[in-house]
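S.K.:
There are 2 protein chains.
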Amino acid sequence: MERGYAATSLRMITAKARVNLAAVNYHFGSKESLIREVFERRLGPLNAARLAYLDRLEAHAHGRPLPVERIVEAIVVPALQVSRDPLGGGAVFLRLLGRAISEPASYVRETLPAYYREVIVRFKHAFSHALPHVPEQDLAWRMHFMFGAMSYTMAGNDALQLIGNCRLDGADDAESIIRRLVPFLAAGLKAPLTDSPARRTGAAARKTVNAVSNRKAA
Amino acid sequence: MERGYAATSLRMITAKARVNLAAVNYHFGSKESLIREVFERRLGPLNAARLAYLDRLEAHAHGRPLPVERIVEAIVVPALQVSRDPLGGGAVFLRLLGRAISEPASYVRETLPAYYREVIVRFKHAFSHALPHVPEQDLAWRMHFMFGAMSYTMAGNDALQLIGNCRLDGADDAESIIRRLVPFLAAGLKAPLTDSPARRTGAAARKTVNAVSNRKAA
DNA sequence: GCATGATTCAAACGTTCGTTTGAATCATGC
DNA sequence: GCATGATTCAAACGAACGTTTGAATCATGC
């Protein structure tokens, strides 16, 4: 979580766990299998809880479209529960997960999608039902942005915000994060569609390029 | 960009660049200094362009609050320009940057904030001027979410979306990404404030925890 | 109490890493 | 054309990595 996969050695892990170095290869086979097992144990139940949450919402709705906020909650709230449950991995696992999605290592790029496939399909249907006027492509992109904001937040990437002369309070309190994250994401998903491709950026953008070039020349 | 800092060896880099391995330590001193130089060269001009863009907007506004969409554009459009300019690093640098923000390595967690300090202060002022009803803490969080969605998108994290039975078209076309990203972020920043802390999540959340526990027992 | 299979342990393996070294090569000013 | 400083190069260094090994230890059923 705090060092990334490649930079975390089995010697660090086994020392922290107070076990012998060879135990990892004996019980798991390899370092790669070890972290795969972590996801197997933690991510499966988390996504199952998300689907169960969505099932409950849809059962209550009797086919009517759900409020976007509720659908977003179905994704975010189970993560909150995990972060509160030390036996379920706690907040540490969420941080690991947030980082893992950006992890370039092949082991995770080939493993994670399998866990998310059903979640994405189900929630995409729910969103497209709740937002019938949003074209499929736009919805896919908005879900993409949503996952970005979520995983970034879960990864605890406070590197930038720390220095904005005002710390983020309640960064440890998952509920206060969700109270702010859900309205943000729901508003983004419900944003009005802009059919005109922002023509006005053309001129300003050219000036920007010049500013970049000038800086480089200096 | 595609392997992460720790997993990218100087031997790979020097082989790709068709130079001798020792050249890195001769010209840069160390691997860490090498990547620091990359940020020095690329990130400085990019953030300068963002500030210049904001300067231009504010000069035209004569003290009046700016539309949130325009402020977001000031952050996003210069990145588009960089992605189009192969000499400025191109899209590859943006992907590197998006990954770097999530990179746990200490070299970057201590280097990047310095480049972003002024950007964050200036844009926070602009946003709080445009959104006077949003408390400072909420605004800080919303900017945090915004950076998350942005860096995730810039990092090209398509691992999850690929399998949602509908590919993201135009993923290479930066302008079409921006056309969708700006409305999403602006809507999120302008989202109505929820003063009631979503009490209704209590019961549902408890059920969710049970679902997780049951899955674990199975 | 002893045989047996599972687990733990210290030690070593081969590989790869970032870095250093010292000689070879290049460029440049006189 | 030669001295000098900068750069390139092949080779090696020590350290750290994931993994393997074989003996020691533990647990368990008879």
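If you read the protein sequences in the order shown, they are chains A and B. To get our numbering, take the position in the first sequence, counting from 1, and add 1366. To get our numbering, take the position in the second sequence, counting from 1, and add 1366. For each residue, glycine too, the CB sits at the ideal point set by N, CA and C. Model, not experiment: these values are computed from the prediction.
I'd like to know whether the C-beta atoms of glycine 1464 of chain B and alanine 1515 of chain B end up nearer to each other than 8 Å.
M.R.: No; because the gap between Cβ atoms is not below 8 Å, this pair is not in contact.
S.K.: Is the CB-CB distance between valine 1434 of chain B and tyrosine 1419 of chain B below 8 Å?
M.R.: Cβ distance not < 8 Å, so valine 1434 of chain B and tyrosine 1419 of chain B don't count as in contact.
S.K.: With a cut-off of 8 Å, does the C-beta of histidine 1510 of chain A fall near any C-beta of chain B?
M.R.: Closer than 8 Å: yes.
S.K.: Look at the Cβ atom of leucine 1412 of chain B, then the Cβ atom of valine 1438 of chain B, and state whether they are nearer than 8 Å.
M.R.: No, these two residues do not count as a Cβ contact at 8 Å.
S.K.: Just verifying my parser: in three-state terms, what is the DSSP assignment at phenylalanine 1394 of chain A?
M.R.: In the structure shown, phenylalanine 1394 of chain A sits in coil (DSSP, three-state: anything other than H, G, I, E or B).
S.K.: Tell me, please, whether the CB atom of arginine 1377 of chain A is closer than 8 Å to any CB atom in chain B?
M.R.: Not closer than 8 Å to any Cβ of chain B, the Cβ of arginine 1377 of chain A fails to qualify, so no.
S.K.: Rounded to the nearest angstrom, what separates valine 1458 of chain B and methionine 1367 of chain B at their Cα positions?
M.R.: Each residue's Cα considered, the two are about 7 Å apart.
S.K.: Just to make sure I have the definition right: I need the residues of chain B whose C-beta is within less than 8 Å of the C-beta of glycine 1429 of chain A. Which are they?
M.R.: In chain order: nothing, as chain B lies at least about 20 Å away.
S.K.: For methionine 1512 of chain A, collect the residues of the same chain with a Cβ closer than 6 Å to its Cβ; drop the 5 residues on either side in sequence, then sort them by chain order.
M.R.: Closer than 6 Å at the Cβ level, and outside the excluded window around methionine 1512 of chain A, lie Leu1551.
S.K.: For leucine 1453 of chain B, count the other beta carbons within 10 Å of its own beta carbon; 16 or more makes it buried, fewer makes it exposed. Which is it?
M.R.: Counting Cβ neighbours within 10 Å, leucine 1453 of chain B comes out exposed, since fewer than 16 surround it.
S.K.: Kindly give me the distance between the Cβ atoms of alanine 1372 of chain A and alanine 1373 of chain B, rounded to whole angstroms, as I take these residues to be in contact under 8 Å.
M.R.: Right, the Cβ-Cβ distance comes to about 4 Å (below 8 Å), so this counts as a contact.
S.K.: Let me confirm a value: methionine 1378 of chain B is counted as buried when at least 16 other C-beta atoms fall within 10 Å, else exposed. Which label applies?
M.R.: Result: exposed.
S.K.: Report yes if the CB atom of glutamate 1406 of chain A is closer than 8 Å to the CB atom of tyrosine 1473 of chain A, and no otherwise.
M.R.: Contact: no.
S.K.: 8 Å is my cut-off, CB to CB: does alanine 1553 of chain A come that close to chain B?
M.R.: For alanine 1553 of chain A, the answer is yes, since a Cβ of chain B falls inside 8 Å of its Cβ.
S.K.: If the criterion is Cβ atoms closer than 8 Å, does the pair leucine 1423 of chain B and leucine 1432 of chain B meet it?
M.R.: Their beta carbons are under 8 Å apart, which means leucine 1423 of chain B touches leucine 1432 of chain B by this criterion.
S.K.: Tyrosine 1518 of chain B by DSSP, collapsed to three states: which one?
M.R.: Of the three classes helix, strand and coil, the one that applies to tyrosine 1518 of chain B here is helix, per DSSP.
S.K.: Against chain A, which members of the stretch 1457-1469 of chain B pass a CB distance test of less than 9 Å?
M.R.: Within the stretch 1457-1469 of chain B, the residues whose Cβ lies closer than 9 Å to some Cβ of chain A are Gly1464, Arg1465, Ile1467, Ser1468, Glu1469, listed in chain order.
S.K.: When you compare the CB of lysine 1397 of chain B with every CB in chain A, is at least one pair closer than 8 Å?
M.R.: Output row for lysine 1397 of chain B: interface = no.
S.K.: Which two residues bound the contiguous alpha helix (DSSP H) that contains lysine 1490 of chain B?
M.R.: Note, lysine 1490 of chain B: alpha helix (DSSP H), 1478-1496.
S.K.: When DSSP labels each residue in this structure, what does valine 1443 of chain B get in the three-state scheme?
M.R.: Valine 1443 of chain B: helix per DSSP, three-state reduction.
S.K.: Would you mind giving the Cβ-Cβ distance between leucine 1505 of chain B and serine 1494 of chain B, rounded to the nearest angstrom? I have them listed as a contact below 8 Å.
M.R.: So it is a contact: roughly 6 Å between Cβ atoms.
S.K.: Which of helix, strand or coil does DSSP assign to aspartate 1421 of chain B?
M.R.: Correct three-state label for aspartate 1421 of chain B: helix.
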